[in-house]
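One line per chain: the protein sequences are A and B, in this order. Going left to right, the first sequence walks through residues 6 to 405 as our numbering numbers them. Going left to right, the second sequence walks through residues 6 to 405 as our numbering numbers them.
2 protein chains.
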Amino acid sequence: MYNLLDGLKIIEASSFVASPTAGLYCAQFGAEVIRVDQIGGGPDYHRWPVTQDNDSLYWENLNRAKKSVALDLSSPQGRELLQELVRATGQFITNFPAEGFLSHAKLAEGRADLVTVRVMGWADGAPALDYTVNNAVGYPMMTGPGPEPVNHVLPAWDLLSGAYAAFAMLAAIRKREQTGEGSEVRIPLSDVAIGTVANLGGIAEVLHNKANRPRLGNTVYGLFGRDFVTKDNVRTMIVVVTHRQWANLIQAFGLNAQVEGIEAERGVSFAKDDGLRFEHRDALYPLFERAIGLLDHAMMASKLDAAAIVHSAYRTMLDAAHDPRLVEDNPMFSASEANPSGFIYPAAGAFGTIPQMQRGDAKGAPRNGQHSEEILSTLLGLSSGEIARLIDSGIIGIAK
Amino acid sequence: MYNLLDGLKIIEASSFVASPTAGLYCAQFGAEVIRVDQIGGGPDYHRWPVTQDNDSLYWENLNRAKKSVALDLSSPQGRELLQELVRATGQFITNFPAEGFLSHAKLAEGRADLVTVRVMGWADGAPALDYTVNNAVGYPMMTGPGPEPVNHVLPAWDLLSGAYAAFAMLAAIRKREQTGEGSEVRIPLSDVAIGTVANLGGIAEVLHNKANRPRLGNTVYGLFGRDFVTKDNVRTMIVVVTHRQWANLIQAFGLNAQVEGIEAERGVSFAKDDGLRFEHRDALYPLFERAIGLLDHAMMASKLDAAAIVHSAYRTMLDAAHDPRLVEDNPMFSASEANPSGFIYPAAGAFGTIPQMQRGDAKGAPRNGQHSEEILSTLLGLSSGEIARLIDSGIIGIAK
């Protein structure tokens, strides 16, 4: 928790990963993010992983530091309350459909300067998910050794869309501060995916070459980078991104003469050209396979560290969770006392660290409807009698 | 191009993906982003894919809509000019080391309200890259059919860090507008990666279960989602995220009786529980494999579309580049007339679409040093004589 966004209130009506991470990042920087859900929870409220009691460890981490209002969103009254909350704050993050009761045009009636950020599937409103846009843009056909496509496990498009949505929210607010005008920023997963392919040069590459990039397994395209296996059977990624690292790498493994031999034979120089190191990988990689296969991992690691070359052994997530450098000794993590699941473990705060400011502990996620009464009273001015009546009639939900 | 960030000037000193995408997203929203590089280009200037002339299709897409200043950053005078540019604008995006001539403390001498956003490897300053932090947090050991780890091809951590850096820049500027105080936001790839594992519930999951998640190939964890192959041999991802979609799916393939049989046999109901559909996948998936294997892709797709179920065939990137919905007919793309490579192809603009505003065409990337004279004159007030002298002495580079 940092207080960069003090004073900013955001209504979030959303589910799954993309839109909730946008709210999460804002909340971790100090915004008051109020997630409004169906009474009993939205479609992601029991998403796996879950505890024995069916409490979602996924939901409680994607919604930390937020407040929760529960409404019956299938009823006209519940929908109207959500609309009024959006109008009361002026900021809205959602993945609800662009048309319908949460359309920007409808919400902007009575709040002309509203800023809406909407994560979508396809730009035309057709549904899509991370795993389907990933297929559509071609990455699974490039991943793994082949021939079958390999899905990513990390929902990368959701995550990128979420961070971009948080950025877009602040950009649109900045514009409004200068002009008084609100706007809706629509962020389709499909555009984030194909736009990223373009940004990384992928569209230009395949149109220029009139062919797909060959499938490379764990080899990095266009430079010296791959996994190698040590004598004690540790598989490690090694990647060289500067010419100095390349010189150091050859030196570290005593391969100067052999590399010079390849350079002479092929009439090239690898010293200042990443691309050539990739192009001639058929000759280069076997040299390093042999050299690394003669060393235990500890010895290889000390050589690489001394040479300032970036490397990392493959580990499991359980290993990572127990790594002090990543988790226990990492000030980004703190104990999470207030988890709805009751399970206590290290909880993450904001990704960014600000040396000039105090980092507060990670906050817990709310239970469904935990802040219904507080928020409907403070933001909409409902009396306790009105709130009680709406609870009785099933329009408002409160935490059990 | 949208003009949300009109009037915001940012100096970017960076390379590769993460930090340049932060600048790119700001530039595509109308900020004036000035990338300062070593004369002749930084370590990413010829990164593959490249043309026959060694022009990088990667660089020219990650640096669209920016300006370029070229300086000899190995010389004290070149370094001082970069420091003065940062101080003149007050906003700085970089992946240079936290200590050294571009440390925030040094830059803030003479510009106390400076906002610096710094993408790092490890939080302690040790080097790391997307592919090595990915190993460190465990995703490659979960990806693909096993037993070997599978690297992602998409540099997801770089991209997420870049979008988060753009968000952090605007958040820190907002804070400065309220308090007058500058700050440095440090964004280590390692924290973005392990923080994301935590946000998705992964840390809680492995500590709760005291075990890693089993490796699932192309099966999505915790719900009904997997790849299936049609009669005409098209491999397609199908994912069910709502209970209505589940009911529709069974209906679409005429599997109600068979699914009820499994429910009766196992004493469960799949109607309202994603997790159970995952838990009993050994029984459910074969039903759908058979049903889908009897249909051609077109027939399967029409059934799924009618049932509002999300699906997508696996395609190559070349297929994607030729898909009118993704590229040609997509208003996010426009022709890029001003590419340094001279090759013309569809270029992407901002991921976000703002219905209330006019989207301008994607701009070209600069050539190294193209704006050196303009920027050093306007921002630092150097005379043309001084600039000429510094060009002659090799401190300032200009585009050839």
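We put the beta carbon where it would ideally sit given N, CA and C, even for glycine. These numbers were taken from a predicted model, which means no experiment stands behind them.
What does residue i reach in chain B if we use C-beta pairs closer than 7 Å?
i, result
"A/I359", "S188, E189 and V190"
"A/M362", "S188"
"A/N140", "M242, S317, A318, Y319 and R320"
"A/K180", "L9"
Measure the alpha-carbon distance for residue i versus residue j and round it to whole angstroms.
i, j, result
"A/A355", "A/V190", "24 Å"
"A/Q263", "B/G185", "59 Å"
"B/P160", "B/S61", "17 Å"
"A/Y169", "B/D58", "34 Å"
"A/E65", "A/R52", "10 Å"
"B/T358", "A/A128", "9 Å"
"B/T94", "B/A75", "17 Å"
"B/A23", "A/I255", "28 Å"
"B/T224", "A/L134", "14 Å"
"B/D77", "B/S339", "34 Å"
"B/G390", "A/G230", "46 Å"
"A/A32", "B/V120", "20 Å"
"A/K277", "A/H248", "6 Å"
"B/P336", "B/K368", "14 Å"
"A/R116", "A/F97", "12 Å"
"A/A171", "A/I403", "28 Å"
"A/G298", "B/P145", "21 Å"
"A/T148", "B/A113", "44 Å"
"B/E182", "B/D310", "49 Å"
"A/G130", "B/Q250", "17 Å"
"B/R364", "B/Y30", "14 Å"
"A/S166", "A/A269", "48 Å"
"B/F106", "A/S341", "38 Å"
"B/V239", "A/P102", "30 Å"
"B/A326", "A/W162", "18 Å"
Starting from residue i, trace the beta strand (DSSP E) both ways and give me its first and last residue.
i, result
"B/Q1", "As shown, chain B starts at 6 and ends at 405. That puts residue 1 of chain B outside it, with no answer to give."
"A/H316", "V315 to A318"
"A/Q82", "From DSSP, A/Q82 is part of no beta strand (DSSP E) but of the alpha helix (DSSP H) over P81 to T94."
"B/K14", "K14 to A18"
"A/I243", "R240 to V245"
"B/E37", "E37 to Q43"
Using a cut-off of 7 Å between C-beta atoms, extract the partners of residue i located in chain C.
i, result
"B/T321", "Chain labels in this structure do not include chain C; the protein chains are A and B."
For the alpha helix (DSSP H) containing residue i, name the first residue and the last one.
i, result
"B/V138", "D135 to V142"
"A/T383", "S377 to T383"
"A/S195", "L194 to N204"
"B/G28", "A23 to Q33"
"A/T184", "A161 to T184"
"B/G298", "R286 to G298"
"A/A211", "Here residue 211 of chain A is Val; the residue named in the question, Ala, does not match the sequence. Residues G207 to N214."
Is the beta carbon of residue i less than 8 Å from the beta carbon of residue j?
i, j, result
"A/V246", "B/P48", "yes"
"A/K72", "A/R92", "no"
"B/A203", "A/A370", "no"
"A/A198", "A/N139", "yes"
"A/T235", "A/S317", "no"
"B/L395", "B/E89", "no"
"A/Y350", "B/A209", "yes"
"A/N253", "A/A313", "yes"
"B/A18", "B/L86", "no"
"B/V122", "B/A27", "yes"
"A/G374", "A/I16", "no"
"A/V211", "B/M305", "no"
In chain A, which residues lie with their C-beta within 7 Å of the C-beta of residue i?
i, result
"B/F172", "Y30, A168, A171, F172 and L175"
"B/Y50", "Residues of chain A passing the Cβ test: none, with the nearest at roughly 10 Å."
"B/N373", "Chain A residues near B/N373: none, gap ~16 Å exceeds 7 Å."
"B/Y290", "Simply none; closest approach about 15 Å."
"B/G149", "G149 and V155"
Could you work out which residues of chain B lie near residue i, taking near to mean beta carbons separated by less than 8 Å?
i, result
"A/D324", "G143"
"A/H316", "T137"
Could you name the residues of chain A that residue i contacts, counting a contact when the two beta carbons are closer than 8 Å?
i, result
"B/L384", "Within 8 Å Cβ-Cβ: nothing; B/L384 doesn't reach chain A, min ~21 Å."
Mind checking the stretch 241-270 of chain B against chain A and listing, in chain order, the residues whose C-beta falls within less than 7 Å of any C-beta there?
M242, V244, V246 and T247
Give me the subset of the stretch 151-163 of chain B whose CB atoms are less than 8 Å from a CB atom of chain A, sorted by chain position.
E153, P154, V155, N156, H157, V158, L159, P160 and A161
Interfacial residues, the stretch 297-313 of chain B to chain A, with Cβ spacing under 8 Å
A313
Chain A contacts from the stretch 194-213 of chain B (Cβ-Cβ distance under 8 Å)
S195, D196, V197, I199, G200, T201, V202, A203, N204, L205, G206, G207, I208, A209, E210, V211, L212 and H213
Check each residue of the stretch 85-116 of chain A: if its Cβ is closer than 7 Å to any Cβ of chain B, include it; give the result in chain order.
none
Interfacial residues, the stretch 54-65 of chain B to chain A, with Cβ spacing under 9 Å
P54, V55, T56, N59, S61, L62, Y63, W64 and E65
The stretch 341-352 of chain A: which residues have C-beta closer than 9 Å to a C-beta of chain B, in chain order?
S341, N344, S346, F348, Y350, P351 and A352
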